[in-house]
Amino acid sequence: MEATPGTSKASAGITLLSPSPPKKRKELSLGHLSLREKQAILNMYKKILDDEPTLKTVKLVSKIAITLGVAKSTVYRIIKEYKSTKTVSTSKQCGGRPGMITLFDEATKNSIRRIVHGFFFSNEIPTLDKILNELKNHQNLPQMSRSTLYKFMKQINFRYLKRNRKSVMIERDDIVRWRVDYLTSIKKFRSEGRPIYYLDETWLNEGHTKGKVWVDNNIKSKREAFIEGLSTGLKNPSGKGKRLIILHAGSEEGFVEDSLLVFEGKKSGDYHEEMNANVFEKWFVEFLRKLPDNAVIVMDNASYHSRKVESIPTTSTRKSDMKSWLQSKNIGYEENMVRSQLLHLIRQNKHKYNLYITDEMAKKENKVVLRLPPYHCELNPIEMIWAQVKNEVAGKNETFKLKDVKELLIEALNNVTKVNWKKCVEHVIKEEEKMSTLDGIIDDLIEPLIISVNNMESDADTTDTDSSTN
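Residue numbers (the working numbering): 564 to 1033.
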């Protein structure tokens, strides 16, 4: 029914709703913003600066806050973070559970990786159920739920591949390529007779002791022990306590003389947070001078080993800075190019300038750095040396005082012989040979049955089982 002049549509049976104001998302504090949200704010800030360079900061911030529905204070803080660090990072969470990967040490991550590879070596398909069952046979490894294991596997660089009859956990392609390149390079260096040195960091708590000892179950109390003239057993540490951060290097000839770095840690988190690029590079420059020409230095890809010579533009870089970088490298571009075109040019050429400070330091001394693929610590013989040293300290630690633990550490390091190192290097060479066959085995096992699916579909489905589908 049509409304006649002078008659409202409401009276004609139609209710008119007044237009809703634009929905504004609930304002978020800085701590609740994801990296992507921060990046969106930063990108808009740069875009407005490019388009309206004379716009006052107050108006610029207000414009971003209204458009994106965030608090002005949040915009100010993100701009401040960008100006001081030239980037934005994920907000540190207050409280809550730590990330899955932070709950386990490198040895645990590596052990579970080796379990998965064990299935491949046996020509078996590794599923979550099989991995869980195998974990039950290892008392020293954490027991976890199926969903927790799935998250853990993704965080140590495995991906979930859907196949036509089963689902299998395999390593990401970039990790496989990294491993193949590493094994090819180190084999070549050995054939050339070049000396190979391995370096690594570890830690030692003042409460470090044996995990298991013999106890007398007949002694039920201190009084009973006193009456019988016996003890109540060994004194236990009150906790892990303070810790030492240790950096050293060696080869099949033993530790490199005068290359030990030891200092007291100040934090309780991951020991990798104690080391930084400045400390490492200062040690590294002295270390290089102790090595012969043509030496190969094997290290992992820790952030403090991998500081870049220069910052290469990314998606968060201002357009004007992208142009400046291209100009500094004599790379031609058109003035009317948009950001995505400039980024494409940068990505095409960045491999020439994506250099690490440590690599360049080594190159100046006629040496080369070779980086281990992530979670492949079994390819570094110093890991076994650390185990030997820590085991000796654990057996002798009686006071649980950092000063005494440091003395025990020095003693244990001095007890590591050339023979110990040689055996560890020989063991690693066998591991390298074993791994050289691994990727061929995986290809032979996976290739015949792979279905072409996109990554999102593969990652979304977590229901792998040991039973085949119909």
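Cβ coordinates follow ideal geometry from the N, Cα and C atoms, glycine included.
Keep in mind that this is a model prediction, so the values were computed, not measured.
Contact between HIS868 and PHE843 holds: CB atoms are separated by about 6 Å, below the 8 Å threshold.
The residues ASN768, GLU769, GLU827, GLY828 and LEU965, in chain order, have a CB closer than 8 Å to that of LYS805 in the same chain once the five nearest residues on each side in sequence are set aside.
By DSSP's assignment, ASN768 forms a beta bridge with ARG806.
Under DSSP, ALA812 forms a beta bridge with LEU762. Here the alpha carbons of GLU687 and ASP763 stand approximately 33 Å from one another. Just measuring C-alpha positions, the residue of MET607, ILE759 and LYS672 sitting nearest VAL624 is MET607.
Note that the C-beta distance between SER999 and VAL651 is not below 8 Å. For MET924, the enclosing alpha helix (DSSP H) stretches over residues 920-927.
Where VAL819 is concerned, there is no enclosing alpha helix (DSSP H), because DSSP gives it neither an H nor an E. By the C-beta density criterion, LYS601 is buried, having at least 16 other C-beta atoms within 10 angstroms. Rounded to whole angstroms, the gap between the alpha carbons of ILE948 and ILE719 is 24 Å. TYR760 is a Cβ neighbour of ALA858, given a cutoff of 8 Å.
Contact check for ILE992 and ALA925: beta-carbon distance about 23 Å, past the 8 Å limit, so the pair fails to qualify. By the beta-carbon neighbour count (other beta carbons within 10 angstroms, threshold 16), HIS811 is buried. Counting only runs of at least 3 residues, the region 668-704 fully encloses no beta strand (DSSP E) element at all. Judged by DSSP secondary structure, VAL859 falls outside any alpha helix (DSSP H) and instead within the beta strand (DSSP E) spanning 859-862. Taken in chain order, the complete beta strand (DSSP E) segments of 3 or more residues contained in the region 936-1008 number zero; there are none. Within the model, the alpha-carbon separation for ASN960 versus ASN977 is close to 17 Å. Taking a contact to require three or more Cβ pairs closer than 8 Å, the region 943-958 and the region 899-913 do not qualify as touching. Using a 10 angstroms sphere on the CB of GLU734, the tally of other CB atoms reaches 16 or more, which defines it as buried. By the Cβ rule, the region 698-708 does not count as touching the region 743-758, because fewer than three pairs are nearer than 8 Å. Selection LEU712, VAL739 and LYS635 evaluated against GLY1003 yields VAL739 as nearest (Cα-Cα).
Between LEU854 and LYS927, the gap from beta carbon to beta carbon reaches 8 Å or more. Taking 8 Å as the cut-off, the beta carbon of LYS609 is found closer than this to the beta carbon of ARG881. Per DSSP, GLU849 has no beta-bridge partner at all. When rounded, the separation of the alpha-carbon atoms in HIS680 and ASN673 is 11 Å. As computed with DSSP, TYR916 is found in no beta bridge at all.
Between VAL819 and LEU807, the C-beta gap is not smaller than 8 Å, which leaves the two residues out of contact. In the structure shown, GLU827 adopts extended strand secondary structure according to DSSP, grouped into three states. Between MET862 and ARG934 the beta-carbon gap is near 6 Å, inside 8 Å, which marks them as a contact. Take the alpha-carbon of THR620 and the one of ALA865: they are about 38 Å apart.
By alpha-carbon distance to ALA975, the top candidate from LYS997, LYS871 and ILE809 is ILE809.
Rounded to whole angstroms, the separation of the alpha carbons of SER636 and GLU898 is 35 Å.
By the Cβ neighbour-count rule, ILE675 is buried, with 16 or more other Cβ atoms within 10 Å of its own.
LEU712 and LEU695 have their C-alpha atoms some 8 Å from each other.
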